[in-house]
Each structure stands twice: as C-alpha cells, then as structure tokens.
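Protein chains in written order, with this note's numbering: chain H, 3 to 204; chain Y, 3 to 204. Don't be surprised by glycine CBs; every beta carbon is placed ideally from N, CA and C. If you're wondering where the values come from, they're calculated on a predicted model, not measured in any experiment.
Protein chains: 2
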Amino acid sequence: MTGDSPIEFWFDFASGYAYFAALEIDAFGQRVGRRIKWCPYTLGTAFKATGSRGLSSTPLKRDYAQKDWQRIARLRGVPFRLPEHHPSVALAAIRVFYLIDDVDPTVAKTFALAVFEAYFTRGIDGGNLDHVIALAASLGLDGTNLAAGAGSQAVKERVKLISEQAVALGIFGSPFFIVDGEPFWGWDRIPMMEEWIERGGW
Amino acid sequence: MTGDSPIEFWFDFASGYAYFAALEIDAFGQRVGRRIKWCPYTLGTAFKATGSRGLSSTPLKRDYAQKDWQRIARLRGVPFRLPEHHPSVALAAIRVFYLIDDVDPTVAKTFALAVFEAYFTRGIDGGNLDHVIALAASLGLDGTNLAAGAGSQAVKERVKLISEQAVALGIFGSPFFIVDGEPFWGWDRIPMMEEWIERGGW
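And the structure:
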C-alpha cells in the first residue's frame, strides 16, 4: 500500500482492449512515476469463475467490440487488424513471457509488446509455439532455450497457478489494473486510475 | 444522421452505471448542444440475446461493481446506496415513464431521475407499481390515471416491443448511447462520446 509500489497490469494477449492498454501503459507509468508490472494470464480461467464468455464469442457485444476497436485504433492512430482465427488462446506466449521475465522484466515487456503487435496487426498466433519462438528470436533472445523451457511441465503449471491466483484475488478482465490494492477494470479506466494515483485515492 | 439529432440514452432503472449517467447526461447534452432522448428498456431482454447475466448476478464482477459504484459516488459527490433487493426489474417504472413521455418528455425525464434517486438512495423498488405511482404523484402527476394506464395490456406490449427493437438494433447494455447512429456503451465512455460529437467523428 505504499505510494511507489508498481502498478499491476493484468491482461490476456488475445484481448483487443489490452492491446490498446499495452501501447499506452509505459507512458502512463512515466506520468505517474510508477513501475508497471506486466502480468499476462489466461482470461479463460476468469471466464470459468464468472460464467462468462469473451466479447468475441458473445452476440451483439462481438459486433460492438469490433467496431469499438477500430474506432480506438483510429483515435490513437495505431494499426489494428483482428486475426481471422480470433480469439486465440495465447498460452505459448504467456509461458515464454514468464521465462523471459525471470531474467529481465524489461525484455519481457518488449516481448509482450511484440506479441500484441504480431497478433493484432499481422495475425500471428500467440498460441503457436513456433511462431512465438521466432518472435523471441527476432528480438535477439535464445529461441532454442526458450522453446525447451516453454515445453516444461514447470512453466505450464506456473502459468496455470498465476491465472488461478489472479482470479482468487478478484481479477476477471483484460486489461485489469491493481494500484495499491485498488482494482480498475478496462482500457477506458486509465484516466480514472491516473486521477486516483494523483489524488492518493478519494 | 444530422448533426443536431438527439442523443439516445438507453438504460435500465436498476443499473448502477445508468444512475450515474442519468445524473450527468443533461449537462452533457447542454455542452454538446444536443437534446437527450431518454429510453428506458428491460436489460433482461438484452441478456437473453447475449446469454449474459447482470453484474450483480455474476461472481467477481458483482464485488468489483459494488466497489466501483461507491468509488464513482465519492468521486462525483453524489449519494449511492445499493438496495437490499438489488437487482430489481423496474417494469412498472418503465411503463409509467412511457405514459408520461407521450404527454411531456421533460416531465418524463424528471420522473426517471426521481425513480433512479428513489432506487439508489432510498431502496424504493421501481418494480412496485404502488411505489412508482406514489413517486409520480409526488411530482404532481395524476396517479390514478397513470395506475390505470400502467396496468393496460397496451403499455405492457409497448415496453416489450421497445426492448426487443432496441436489442434488434444492437443495444445490449446500460447505459448505452446512440449518437448519429454511432453506439457508445458505458458510463465511462461519455468523454469519448463528447470528443466524437465535437470532432464530428474520426
């Protein structure tokens, strides 16, 4: 609960709103003087707990979200193209993320941004280990080592546990932020979160 | 699609986020120079189409929403107390609203604000016709006449049809706004909607 603890940024790689949040969150952290802790997890674990489905699997909400994502992309001047196979479960990308994160969180963040960019502009599937490893290798990382690690039972169980623990803490959406214990759900809540930090809550 | 068509404000009387939107939407309309068309409907009709449940009937989301509503109330300096029987289906209030709206939309808006205030600060049930009629009478309206109208088959079918038509148009949430054909979902999208109107879209 200290004023300089990191902001937790929880997300699923196949979440359109998380993509837009990922593009903005570094600048946000700099404005408020906080470190960002990137925390990918499997949103499907939360869906089981809430009995929900993803936006893109829900009538009416699917159409609205697709329109809204294009609208946000135009507003921010960033590319956006929904993959044909959307939504895809990006388990491989999450596993590789945490392997990199153990060594260097800054590199892990760069990798996460590359995964988002690959998925939402070029349709590259974060659930395909070969594609994910090629992406990591393109950033200068050791693909052979990461591929071996991503196949291990240890990292599979770890990602499962991280997702279950997130849900146990009340996290159910993407993006979902925790600041000094305070939860904020959604890309469109970043301005409120900024006001919360600046005022020290209200 | 003209630049001075009214903003449609779709809502369910038992929606916490719609309550906050209702308190702000008049000032919003004045800022952007547009009339607001208040359109209560039964969110349950949308839930059937999307296969969703309300926030307050969903694990995790329920806890977040309750915390978030209190947080918004403190931010805006407005009272908020969730009724013990929440969520309540405010069918009686919707029916009476449209009866009043036929005669005078401004009075209907005043009535709608009174329903929100009664529900979210004093726990008065918008599904209870006696309570709703007492509320209307307290505004100087003819309670006897409204009670008779609210019990008619005509208004029951009309409210059902309005809700079904809303869903057929892609409306599925509360609050949900339509501006010149463009949909905006959620209280927290009011700033984006304002930018949209000011810039004439993007």
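Within-9 Å CB hit, residue i to chain H
i              : result
A51 (chain Y)  : yes
G188 (chain Y) : yes
I9 (chain Y)   : no
A48 (chain Y)  : yes
S54 (chain Y)  : yes
I247 (chain Y) : Residue coverage of chain Y in this structure runs from 3 to 204, which leaves residue 247 (chain Y) outside it and unanswerable.
W204 (chain Y) : yes
L77 (chain Y)  : yes
R97 (chain Y)  : no
C41 (chain Y)  : no
A20 (chain Y)  : no
For residue j and residue i, believed in contact at Cβ under 8 Å, the rounded distance
i              : j              : result
R33 (chain H)  : I9 (chain H)   : Contact flag wrong, Cβ pair sits at about 11 Å.
G125 (chain Y) : R83 (chain Y)  : 7 Å
A20 (chain Y)  : P177 (chain Y) : 4 Å
A116 (chain Y) : F99 (chain Y)  : Actually they are not in contact, since the Cβ atoms of A116 (chain Y) and F99 (chain Y) sit about 10 Å apart, beyond 8 Å.
S90 (chain Y)  : G56 (chain Y)  : With a Cβ gap of about 11 Å, S90 (chain Y) and G56 (chain Y) do not count as contacting.
W189 (chain Y) : A75 (chain Y)  : With a Cβ gap of about 12 Å, W189 (chain Y) and A75 (chain Y) do not count as contacting.
W204 (chain Y) : L77 (chain H)  : 6 Å
G53 (chain H)  : T60 (chain Y)  : 7 Å
S165 (chain Y) : T44 (chain Y)  : 4 Å
F13 (chain Y)  : A95 (chain Y)  : Not a contact, Cβ separation roughly 11 Å.
R58 (chain H)  : H88 (chain H)  : Going by the sequence as given, residue 58 (chain H) is Ser instead of Arg. Contact holds; Cβ gap of about 6 Å.
Chain Y within 9 Å of residue i, Cβ atoms only
i              : result
L62 (chain H)  : yes
V80 (chain H)  : no
D182 (chain H) : no
K69 (chain H)  : yes
V169 (chain H) : yes
P85 (chain H)  : no
P89 (chain H)  : no
P193 (chain H) : yes
R124 (chain H) : no
E197 (chain H) : yes
L148 (chain H) : no
R37 (chain H)  : no
P185 (chain H) : yes
R33 (chain H)  : no
R73 (chain H)  : yes
W12 (chain H)  : no
Candidates the options, of which the one nearest residue i by Cα
i              : options                           : result
E119 (chain Y) : Y:V134, Y:E166, Y:Y43 and Y:A29   : Y:V134
F186 (chain Y) : H:I27, H:G79, H:Y66 and H:A16     : H:Y66
F11 (chain H)  : H:G203, H:W198, H:V181 and H:E196 : H:V181
R123 (chain H) : H:G18, H:S7 and H:D106            : The question names Arg, but residue 123 (chain H) is Thr in the sequence shown. Comparing Cα positions, the closest option is H:G18.
A152 (chain H) : H:L25, H:R201, H:I102 and H:D127  : H:I102
A92 (chain H)  : H:I38, H:E26, H:I27 and H:P42     : H:P42
Y121 (chain Y) : Y:D144, Y:P85, Y:T60 and Y:T108   : Y:P85
F179 (chain Y) : Y:R64, Y:V80, Y:W198 and Y:D132   : Y:W198
K39 (chain H)  : H:Q72, H:L62, H:K111 and H:K63    : H:K111
R97 (chain Y)  : Y:V161, Y:E184 and Y:D28          : Y:V161
K69 (chain Y)  : H:R201, H:G183, H:G142 and H:E196 : H:G183
G31 (chain Y)  : Y:D6, Y:K158 and Y:D104           : Y:D6
A2 (chain Y)   : Y:E196, Y:S154 and Y:D14          : Here chain Y covers residues 3 to 204 and nothing more, so residue 2 (chain Y) does not appear.
L62 (chain Y)  : H:R201, H:V169 and H:T108         : H:V169
A149 (chain Y) : Y:S140, Y:E159 and Y:L131         : Y:L131
L207 (chain Y) : Y:E159, Y:V157, Y:V109 and Y:K158 : The structure shown does not extend to residue 207 (chain Y), since chain Y is modelled only from 3 through 204, so no value can be given for it.
D104 (chain Y) : Y:S58, Y:V157, Y:S140 and Y:W71   : Y:V157
G106 (chain Y) : Y:E159, Y:I27, Y:L143 and Y:R64   : Before going further, note that residue 106 (chain Y) is Asp rather than Gly in the sequence given. D106 (chain Y) has its Cα closest to that of Y:L143, out of Y:E159, Y:I27, Y:L143 and Y:R64.
Chain B residues whose Cβ lies nearer than 7 Å to that of residue i
i             : result
D65 (chain H) : The chain labelled as chain B is not found among the protein chains of the depicted structure, namely H and Y.
Residue i beta carbon near the ligand ADP (any heavy atom closer than 8 Å)
i             : result
A48 (chain H) : The ligand ADP is not part of the structure shown, which contains no ligands of any sort.
At least three beta-carbon pairs within less than 8 Å, the stretch 172–182 of chain H to the stretch 45–56 of chain H:
yes
Start-end ranges of the alpha helix (DSSP H) lying completely within the stretch 33–81 of chain H, minimum 4 residues:
45–52 and 63–78
Length at least 4, wholly inside the stretch 10–36 of chain H: the alpha helix (DSSP H) runs in chain order
18–34
Sequence ranges, alpha helix (DSSP H) only - wholly within the stretch 90–153 of chain Y, length at least 4
93–105, 107–124, 131–140 and 145–152
Quick one: which unbroken beta strand (DSSP E) runs of 3-plus residues sit fully inside the stretch 151–182 of chain Y? Chain order, please.
178–181
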